[in-house]
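Below is one structure, written out as structure tokens; the observations come after it.
Protein chains in written order, with my numbering: chain U, 93 to 207; chain Y, 9 to 122.
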């Protein structure tokens with residue numbers, strides 16, 4: 093089991109550029125979550141999917157953020173255009189089911205720096 | 009809606025001393041509670057979870073936590089700290105009224121001194 097795989101590990105970009113973060117969940121997991129971690133706000137849930145369908149995107153900060161899950165093994169989080177305040181570590185996590193006692197398995201995150 | 013509060017953003021202990029990290033929850037329905045650990049430059053890793061089967065839950069690396077409904081607490085303990093326990097620890101809650109949403113506390117940074 094390779095775990096949740098995120099790419100890239102680090103991303104440095106200039107303000108105004110488009111950024112795409114990628115995630116491969118654990119095979120067989122049907123729930124996928126995107127979190128953002130900052131010193132100021134801690135861990136924030138941005139969006140989650142069940143069976144590739146977005147269930148709750150109320151945490152997505154603005155229209156500049158969008159997330160897709162075209163199939164069970166891949167998801168993207170896109171920021172367009174990026175701003176310096178988007179600098180954070182973005183985590184993807186997956187879970188075996190939508191059951192509330194199922195733990196989340198996290199990837200190692202993408203550290204985004206927007207200059 | 010449910011939430012968790014972690015008391016103390018930083019805790020420092022000596023190697024071999026008791027570790028106690030505090031977590032209080034707020035939930036209108038029976039909660040599912042979790043403790044996660046985050047080492048530098050890594051994602052979060054599950055330490056243990058409470059799912060109402062037993063109030064004392066044992067996790068990995070010698071950690072355990074006790075669910076106390078009367079105190080709405082789920083404190084994390086370890087009898088003897090190791091240097092390798094230095095990390096950030098997060099308490100999290102999930103409830104029936106939140107769907108799959110997992111809500112995290114602010115985190116507690118544990119430092120272990122030699």
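Note that the Cβ used here is the ideal one computed from N, Cα and C, for glycine as well.
8 angstroms Cβ cutoff met for residue i and residue j
i: residue 51 (chain Y); j: residue 200 (chain U); result: yes
i: residue 86 (chain Y); j: residue 70 (chain Y); result: yes
i: residue 186 (chain U); j: residue 118 (chain U); result: yes
i: residue 174 (chain U); j: residue 111 (chain U); result: yes
i: residue 152 (chain U); j: residue 124 (chain U); result: no
i: residue 83 (chain Y); j: residue 74 (chain Y); result: yes
i: residue 59 (chain Y); j: residue 40 (chain Y); result: yes
i: residue 32 (chain Y); j: residue 80 (chain Y); result: yes
i: residue 14 (chain Y); j: residue 111 (chain Y); result: no
i: residue 126 (chain U); j: residue 139 (chain U); result: yes
i: residue 137 (chain U); j: residue 109 (chain Y); result: yes
Cβ-Cβ separation, residue j to residue i (assumed contact under 8 angstroms), whole Å
i: residue 107 (chain U); j: residue 206 (chain U); result: 6 angstroms
i: residue 100 (chain Y); j: residue 120 (chain Y); result: Not confirmed; about 23 angstroms, so no contact.
i: residue 43 (chain Y); j: residue 55 (chain Y); result: 4 angstroms
i: residue 116 (chain Y); j: residue 19 (chain Y); result: 6 angstroms
i: residue 24 (chain Y); j: residue 88 (chain Y); result: 5 angstroms
Nearest residue (CA-CA) to residue i, options the options
i: residue 204 (chain U); options: U:119, U:123, U:102; result: U:102
i: residue 156 (chain U); options: U:109, U:140, U:104, U:125; result: U:109
i: residue 95 (chain U); options: U:193, U:165, U:169; result: U:165
i: residue 141 (chain U); options: U:129, U:163, U:195; result: U:163
i: residue 113 (chain U); options: U:183, U:197, U:187, U:194; result: U:183
i: residue 90 (chain Y); options: Y:118, Y:46, Y:12; result: Y:118
i: residue 129 (chain U); options: U:194, U:179, U:193; result: U:179
i: residue 17 (chain Y); options: U:176, U:125, U:134, U:100; result: U:134
i: residue 21 (chain Y); options: Y:92, Y:9, Y:34, Y:78; result: Y:92
i: residue 67 (chain Y); options: Y:32, Y:122, Y:45; result: Y:45
i: residue 202 (chain U); options: U:194, U:168, U:193; result: U:168
i: residue 120 (chain U); options: U:144, U:132, U:137, U:172; result: U:144
i: residue 100 (chain U); options: U:170, U:131, U:136; result: U:170
i: residue 64 (chain U); options: Y:61, Y:53, Y:35; result: Since the first residue shown for chain U is 93 and the last is 207, residue 64 (chain U) is missing from the structure and cannot be characterised.
i: residue 131 (chain U); options: U:177, U:198, U:115; result: U:177
Residues that residue i contacts on chain B, provided the C-beta gap is smaller than 7 angstroms
i: residue 200 (chain U); result: Here the protein chains are U and Y, and chain B is not one of them.
What residue ranges within the region 142 to 185 of chain U form continuous beta strand (DSSP E) runs of no fewer than 3 residues, ordered along the chain? 145 to 148, 157 to 163, 166 to 171
At 3 residues or longer, and completely inside the region 61 to 99 of chain Y: list those beta strand (DSSP E) runs for me, N to C. 64 to 66, 72 to 76, 81 to 86
What are the start and end residues of each continuous beta strand (DSSP E) run of 3 or more residues lying completely inside the region 97 to 141 of chain U, in chain order? 97 to 99, 102 to 105, 111 to 116, 123 to 130
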